[in-house]
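All remarks here apply to the structure that follows.
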Amino acid sequence: MAIQSVYADKRTIYVAGGCFWGVEAYFKRVAGILGTAVGYANGKTENPTYEEVCHNDTGHAETVRLEYDRHIISLEEILLHLLRIIDPYSVNKQGGDVGTQYRTGVYYTDEADKARVERLFKAVDPYGKFAVEVLPLEQFFDAELYHQDYLDKNPNGYCHVALYKANEPLVDLPVYVKEDKDALRARIGDDAYAITQESATEHPFTGEYDDFFEKGIYVDIVTGEPLFISAAKFNSGCGWPAFSRPITANSVVYKEDLSIPGRPRVEVRSAHGDSHLGHVFTDGKEDLGGLRYCINSKSLRFIKAEDMAKEGYGAWLPLLDEEV
């Protein structure tokens, strides 16, 4: 079951990661991506052909235009996806493809995006070794029609990207072996057990995180998997913690909930541990996309920003300051 924002806010970013067939096919599988197109960017010639880009000194990079809903997926999350499918230290080479047209890059049309890209890259590459260029988009020419959605048309075609990773967690999670019921109940308490394992609901205005807005990350109390960030939390007045979206698009799953006759709802569960978290509604703040993730405090554990690294969540620090 997929989820869409009520008020989509479409943004655009251009990414280069080697052969554009695989890069496009990968991002088409990522939730929050609204549209894609492959083409040639930041070169020296007008309207180049594929043959010219491959065999002449056009200066163009094989590039994918990504249109995305920022209320579902952040620019920072897109960048982490890009870093997952490329070798960011390789110069003019990705997979078996060699040439300047296969260089890696992020090309922006909004100057504000430059700082966000550089901030995230500095966080994950503090020594500045990345070969990924970060530049304003000078020009982008759509590639020939047969290159668009190439791997949809040619499912056995060449691809240097592991497409299946698009739906896997962006950061490796520790292996979680589910405890037996008694051990889990003893560790997290009766109330948290009833909520996460039996889909109970805590009383409104009683949860620890209802009126709580410190900077940090919220994780599944059962498994420890990251679920929400403080930047996406807002005061909805509903009596439960409210978030505009999860930390990443695939960190939660959705299920139809018909437990209340005549009132269908969408249940939110953790993707890794299958813990019941709460429900998502479409009465959230318009400027945040209109979704309201109504989450039980006792299904969560909060980790302060300054404690994230020592608790093993340092990889998520770059997302704390993202735009929501």
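FYI, the numbering for the sequence shown is 21 to 344, going by my numbering. All C-beta atoms in this analysis are idealised placements derived from N, C-alpha and C, irrespective of residue type, glycine included.
Looking only at C-alpha atoms, which of the options sits nearest to residue i?
i	options	result
G298	W336, T65, A212	A212
E188	A269, V242, Q168, D172	A269
N316	P338, V288, G334, L308	V288
V197	L155, V242, Y229, H167	V242
T83	A335, Y60, H91	Y60
I53	K173, T32, N112, G332	T32
V272	E326, V181, S295, I237	S295
Q217	H223, F225, I208	I208
H360	P175, G37, K64	Residue coverage of the chain in this structure runs from 21 to 344, which leaves residue 360 outside it and unanswerable.
A182	D327, R321, A335, E44	E44
D307	A325, A186, A335, K253	K253
A329	R283, I237, D303	I237
S256	F301, G55, Q159, D327	F301
Q168	A22, T56, Q24, P281	T56
I93	A214, K30, G304	K30
I280	A251, S219, E331, D231	S219
L99	G115, D133, A214	D133
Q24	E331, G309, A206	G309
E158	Y184, S250, Y128	Y128
E138	S110, V154, R283	V154
W41	P224, G115, E131	G115
P156	D172, P224, V126	V126
Can you name the start and end residues of the beta strand (DSSP E) that residue i belongs to?
i	result
E287	285 to 290
E276	272 to 277
L311	L311 -> no beta strand (DSSP E), and no H or E assigned at all.
F248	246 to 249
H299	296 to 301
G59	53 to 61
L340	No beta strand (DSSP E) holds L340; DSSP gives it neither H nor E.
V239	236 to 240
V35	30 to 37
I323	320 to 324
Roughly how far, in whole angstroms, is the beta-carbon of residue i from the beta-carbon of residue j, given that I think they are within contact range, below 8 Å?
i	j	result
I105	Y46	6 Å
Y122	C179	With 8 Å as the limit, Y122 and C179 do not qualify as a contact, their Cβ atoms being about 14 Å apart.
A28	D89	4 Å
Y313	P266	7 Å
Y229	F322	6 Å
V35	L86	6 Å
V111	A151	5 Å
From which residue to which residue does the alpha helix (DSSP H) around residue i run?
i	result
K201	201 to 208
G346	Because the chain here runs from 21 to 344, residue 346 falls outside it and cannot be looked at.
### Message
Check whether the stretch 68 to 79 and the stretch 125 to 145 are in contact - that is, three or more C-beta pairs closer than 8 Å.
### Response
Not touching, per the Cβ criterion.
### Minimum length 3: unbroken beta strand (DSSP E) runs contained in the stretch 142 to 198
Listed in chain order, they are 153 to 156, 160 to 162.
### Query
Does the stretch 190 to 205 come within contact of the stretch 244 to 256, defined as at least 3 CB pairs closer than 8 Å?
Short answer: they touch.
### Task
Could you tell me whether the stretch 249 to 262 touches the stretch 308 to 327, where touching means 3 or more Cβ pairs closer than 8 Å?
Verdict: yes, contact present.
#### Entry: Every unbroken alpha helix (DSSP H) within the stretch 73 to 135, with a cutoff of 4 residues, ordered by chain
Counting whole runs of 4 or more residues, the stretch 73 to 135 contains the alpha helix (DSSP H) stretches 95 to 105.
### Query
Does the stretch 275 to 292 come within contact of the stretch 327 to 341, defined as at least 3 CB pairs closer than 8 Å?
Segment contact: the stretch 275 to 292 against the stretch 327 to 341, fewer than three CB-CB distances shorter than 8 Å; contact not assigned.
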